[in-house]
Amino acid sequence: MATTRTFPDGFLWGVGTSAYQIEGAVDLDGRGTSVWDTFAATGHVRNDDSGAVAADHRRRMADDVALLAELGIPSYRFSVAWPRVQPDGVGPASPSGLDFYRQLVDELLAHGIEPVVTLYHWDLPQALEDAGGWPERSTAEHFARYAGLVAGAIGDRVTRWTTINEPWCASMLGYAAGIHAPGRTDPAAAVGAAHHLLLAHGLAVDVLRAELPATAEIGITLNPYPVHPLGHSDADRDAARRVDGIANRLWYDPVLRGEYPDDVLDDLRSVSDLRHIRPGDLEQIARPVDALGLNYYRCYHVAHDPGASASPSPWPGSTDVHFAEPASTPTANGWAVEPEGLYDALVRLWRDYDPPPLYAHEIGGAFPDEPDAEGRVIDADRIAFLDAHLQACHDAVATGVDLRGFFVWSYLDNFEWAEGYAHRFGVVHVDFATQQRTPKASALWFADVAATNRLPNGDGPAAAP
Ligand code: FCB
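Structure representation (structure tokens):
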């Protein structure tokens, strides 16, 4: 018998993007240089791609919002580019930079689309990196002032706010592994960056609370990775404990409990003296939040492997870990399809942390979408992917998890960081030569799920009851 899975009333359905991945127009609004402009310009991105043009969204914003409305997508998650608002990350705001986000919000609201704002999705002003970047405490203080500028401009019209997106990536990929901007490979710097990103979140919560109406929903967006040991040995289990510590508990525990886990601090002491953690910081980081965003992509399967730590790694203090290749057929960028990990991540948070309401802020996969002879993109693989992850969400809700929304990553094909334009995550295809947008089959499928608030059995459009 076909089962139709209905989501709770008021469930928020949306699609997401981030500024550097779609905006382009790096020369408008007096925008300053970001660490991603520099990273791309210095040969760190596949094919020497950059976000200089990307999906040209800064110029095409009105059309992009109109297309969201035409598709019937109820909510849109986007990020504000810090260097478009404050070119050097300090000082007064650029009026035209703020105007762009005012117009975007007005355009969304005029079309009945709910805006969800992320203040930091990795495009740190280069001037702040030159002054030390996230390993410097002052960067967190600058971020809080920037948050206040954005809140002052659009706070009367935006209810849902995320401070920082995926601080694990920003700190560990950016400062330890060096595969994201700013490309540093200094484990101690990464540990400092992690703390200051958390502190930036906590400081910004206070600023946003002071600036925004009481109805505002303020949170942070983290990226859980369930971690599984490959074998049963104590050494494999310890490898899983350590990776879980840095991937998950390093973020959950300070934000939701006001403490760092002792075992994680012990691991991190092998690379850092931890002197950047000052009295009162954890209290600041643990300011109550109204929502927690989760971006889930996959699990890690790990084993103890002496000698596996030759190159810079995003797991400071966690040496000798081997990461297994996915057992299932990977998506186009090599990530496995593991929807059960989403269920596990949601249930673990609910069971262990007593979190605020949860939102799946990014769920999506890269597939080799190409338009067919008629110009259509029939991405049945992405529909199956989203369907499986939505089933996992529905199961989690049935278990008791207070999950309030689901956002597909991504609205548009875009600049996928160090991978450039090699992988397509959008439910709308972008021809980067012409900037033509073509909704893929998944966009129509998802819009139907959103409109009916339920998931059909099978991968066709949602059926009538
Ligand atoms: C997440 C990022 C997002 C996108 C997806 C594929 O980690 O938040 O910008 O790159 O991965």
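Residues in the sequence shown are numbered consecutively from 685, following our numbering.
Ideal Cβ placement from N, Cα and C applies to all residues, glycine included.
- In the assembly as shown, Glu1058 is an exposed residue. Its beta-carbon has fewer than 16 other beta-carbons within 10 Å.
- Thr846 places its beta carbon less than 9 Å from that of Val801.
- Distance from the C-beta of Gln705 to the nearest heavy atom of the ligand FCB is below 8 Å.
- A distance criterion of 8 Å places the beta-carbon of Asn932 beyond contact range of the ligand FCB, judged by its closest non-hydrogen atom.
- Distance from the Cα of Ala877 is smallest, within the candidate group Gly1110, Ile961, His741, for Ile961.
- For the 9 Å CB-CB criterion, Ala831 and Ala888 form a contact.
- When DSSP states are grouped into helix, strand and coil, Leu966 belongs to the helix group.
- Residue pairing from DSSP places Phe762 in a beta bridge opposite Val801.
- Secondary structure note for Trp935: its alpha helix (DSSP H) is the uninterrupted segment 934-941.
- Judged by beta-carbon spacing, Asn979 lies within the 9 Å limit of Ala1044, meaning their Cβ atoms are closer than that value.
- DSSP, reduced to helix, strand and coil, places Gly862 outside both helices and strands of the structure shown, so it counts as coil.
- Assignment of beta-bridge partners to Trp1093 by DSSP yields Gly700.
- When the beta-carbon positions are compared, His985 and Ala1011 come within less than 9 Å of each other.
- The Cβ neighbour count for Thr823, taken over all protein chains shown within 10 Å, is at least 16; the residue is labelled buried.
- Set against 8 Å, the gap from the CB of Tyr909 to the closest heavy atom of the ligand FCB is not smaller.
- For Ala872, the CB contacts under 6 Å within the same chain, skipping 5 residues up- and downstream, are Val955, Ser956 in chain order.
- Within the model, the alpha-carbon separation for Gly708 versus Trp720 is close to 12 Å.
- Across the structure, Trp697 and Ala924 are spaced so that their CA atoms are roughly 33 Å apart.
- In the structure shown, the three-state DSSP call for Pro1123 is strand.
- For Phe762, the Cβ stays outside the 8 Å cut-off from all heavy atoms of the ligand FCB.
- Per DSSP, Asp693 lies in no beta strand (DSSP E) segment and is marked neither H nor E.
- Ala987 carries a strand assignment under DSSP once its states are collapsed to helix, strand and coil.
- By the C-beta density criterion, Asp1065 is buried, having at least 16 other C-beta atoms within 10 angstroms.
- The beta carbon of Gly942 sits closer than 8 Å to those of Leu966, Glu967, Ile969, Ala970, all from its chain and outside the five residues before and after it, given in chain order.
- Counted as a single uninterrupted DSSP element, the stretch harbouring Trp806 is not any beta strand (DSSP E), since DSSP gives it neither H nor E.
- Taking a cut-off of 8 Å for Cβ pairs, the region 1078-1092 and the region 746-755 do not touch, as fewer than three such pairs fall below it.
- For Arg1035, no beta strand (DSSP E) run applies; the uninterrupted alpha helix (DSSP H) run containing it begins and ends at 1023-1037, by DSSP.
- Linking Tyr1027 to Gly1084 through their CA atoms gives a straight-line distance of about 11 Å.
- Sixteen is the threshold: since fewer than 16 other Cβ atoms of the shown chains lie within 10 Å of the Cβ of His916, the residue is exposed.
- The DSSP-derived three-state label of Arg925 is helix.
- Here Glu1022 is buried: its Cβ has 16 or more other Cβ atoms, across all protein chains shown, within 10 Å.
- In the three-state reduction of the DSSP assignment, Arg1108 falls in the coil class, being assigned neither a helical nor a strand state.
- Remark: the C-beta of Ser1126 is outside contact range of the ligand FCB, defined as less than 8 Å to any heavy atom.
- The beta-bridge partner set that DSSP reports for Arg1138 consists of Thr690.
- CA-to-CA, the gap between Pro938 and Ala1117 works out to about 45 Å.
- Of the other Cβ atoms in all chains shown, fewer than 16 fall within 10 Å of the Cβ of Gly714; this residue is therefore exposed.
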